[in-house]
Amino acid sequence: MERDTEVPFLERLMMASEIYNKLREHLAEWERGFILEALETCKWDKKKTAKVLDIGLSSLYRKMLILKIRKPRTITLGTSIGTFKFETNYQDTIEVGTLLYLCENGKVSPEG
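Residue numbers (the numbering used here): 9 to 120.
Written out as structure tokens, the structure is:
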């Protein structure tokens, strides 16, 4: 009799764990969007953003790190087919070949 109640309990526990993980993912997505919107509204002034969000500056930096929030950088690339300008959140160096591919395949429009 005891064994019959263990299986449903374990199944319920696994389902609860899956639901909890999905909820955490959705909450993180929502929080990321909320913080990004605040940063953009405050023109990426982190001190002002922290004040608007009513959190400490170190908390904002920690959340940005955890949620992988980075200020977009504008990259300009001059090519034989024109000058291309676009924003990216890449922190690492982007290879020129990747930039050329984006430009030549219409992923980025010429500046102007």
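By construction, the Cβ of each residue, glycine as well, lies at the ideal position given by its N, Cα and C atoms.
| Check | Outcome |
| --- | --- |
| DSSP-derived helix/strand/coil call for threonine 78 | The sequence given here has arginine at residue 78, not threonine. In the structure shown, arginine 78 sits in coil (DSSP, three-state: anything other than H, G, I, E or B). |
| Contact check, alanine 46 vs leucine 61, beta carbons under 8 Å | yes |
| First and last residue of the uninterrupted alpha helix (DSSP H) at lysine 54 | 54-61 |
| Secondary structure of lysine 30, DSSP reduced to three states | helix |
| Buried versus exposed call for leucine 68 [16 or more other C-beta atoms within 10 Å across all chains shown] | buried |
| Alpha carbon of lysine 54 to alpha carbon of leucine 18, nearest angstrom | 45 Å |
| Other residues of its chain near methionine 22: CB distance less than 8 Å, five sequence neighbours each side excluded | none |
| Alpha-carbon to alpha-carbon, glutamate 26 and arginine 20 | 10 Å |
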